[in-house]
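Start counting at 1 in the sequence shown, then tack on 38, and there's your number in our numbering.
Note that the Cβ used here is the ideal one computed from N, Cα and C, for glycine as well.
Quick caveat: nothing in here was measured; it's all calculated off a predicted structure.
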Amino acid sequence: MLKKIIFVLLIVTSSLMAADLHWAKNYTTGMAEAMKENKPVLLIVSSTACKYCLLLDKNTLHDKRVIKALNSDFIAIRSWVDKGDYIPTVVAQNTPGLPGIWFLYPDGTPMYKPLLGYIQSDSFVRALGLVKDEFEKNKKRVK
39 MLKKIIFVLL IVTSSLMAAD LHWAKNYTTG MAEAMKENKP VLLIVSSTAC
89 KYCLLLDKNT LHDKRVIKAL NSDFIAIRSW VDKGDYIPTV VAQNTPGLPG
139 IWFLYPDGTP MYKPLLGYIQ SDSFVRALGL VKDEFEKNKK RVK
């Protein structure tokens with residue numbers, strides 16, 4: 039009986055831990071990880087006072103499908119403008135609204151112009167799939 043209880047606790051604990059999005063500590067460590075693993079980067083520029091940033095976090099970034107896709111195929115970085123986090127110049131100068139959702143190559147080059155505002159989970163999952171496919175086509179670009 040004790041073995042069954044321990045087994046159930048391990049399953050519950052691992053499923054709870056798997057439900058967290060793995061954010062890079064900061065931009066520098068995230069980009070180093072992207073280069074090492076040769077993965078695309080999701081960089082979200084946010085503000086704690088931004089209604090749509092908070093909606094993106096509360097809904098889309100807590101969706102299990104989004105978490106699974108990001109944790110397996112991307113390096114996720116979040117920079118908060120009101121916390122003084124580092125934001126690369128090309129991103130800062132070309133993000134006219136928040137949240138600014140960028141997809142970068144591991145060398146920091148933007149793959150596309152930013153997505154702006156709140157994006158619902160279904161659309162975000164589709165976007166992640168398109169970005170992953172495009173990155174796979176151009177993966178040799180950065181090594």
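C-alpha distance - SER84 paired with ILE157, whole-angstrom precision
Taking the first residue of the sequence shown as position 1, residue 84 is located at position 46. Taking the first residue of the sequence shown as position 1, residue 157 is located at position 119. Spanning the two alpha carbons is a distance of roughly 14 Å.
How far does the alpha helix (DSSP H) with PHE141 in it reach, from first residue to last?
The residue you call residue 141 lines up with position 103 of the sequence shown. Note, PHE141: premise wrong, no alpha helix (DSSP H); beta strand (DSSP E) at 138 to 142.
Rounded Cβ spacing between ARG116 and ILE82 (contact assumed at less than 8 Å)
Working through the sequence shown from its first residue, we reach residue 116 at position 78. Working through the sequence shown from its first residue, we reach residue 82 at position 44. Their Cβ separation, rounded to whole angstroms, is 5 Å, which keeps ARG116 and ILE82 in contact under 8 Å.
Within a Cβ cutoff of 6 Å, which residues of the same chain sit near LYS178, ignoring the five residues on either side of it in sequence?
Counted from its first residue, the sequence shown places residue 178 at position 140. Leaving aside the five residues that flank LYS178 on each side, none in its chain has a CB nearer than 6 Å to its CB.
With three or more beta-carbon pairs closer than 8 Å as the criterion, would you say the stretch 91 to 101 touches the stretch 153 to 171?
yes
Within the stretch 122 to 174, note down every full beta strand (DSSP E) run reaching 3 residues or more, in order along the chain.
138 to 142
Exposed or buried, THR133, counting other C-beta atoms within 10 Å across all chains shown (16 or more means buried)?
Taking the sequence shown and counting its residues from 1, the one referred to as residue 133 is at position 95. Classification for THR133: buried.
Flag this pair as yes or no: are the beta carbons of THR143 and ASN64 separated by less than 8 Å?
Here the question's residue 143 lines up with position 105 in the sequence shown. Here the question's residue 64 lines up with position 26 in the sequence shown. Residue 143 is actually Tyr in this sequence, not Thr. Cβ distance not < 8 Å, so TYR143 and ASN64 don't count as in contact.
Measure the C-alpha to C-alpha separation of LYS170 and PRO126 and round it to an integer number of angstroms.
Working through the sequence shown from its first residue, we reach residue 170 at position 132. Working through the sequence shown from its first residue, we reach residue 126 at position 88. Straight-line Cα distance between these residues: approximately 22 Å.
Can you say whether SER110 is buried or exposed, counting buried as having 16 or more other CB atoms within 10 angstroms of its CB?
Locating residue 110 in the sequence shown gives position 72, counting from the first residue. Exposed: under 16 other Cβ atoms inside 10 Å.
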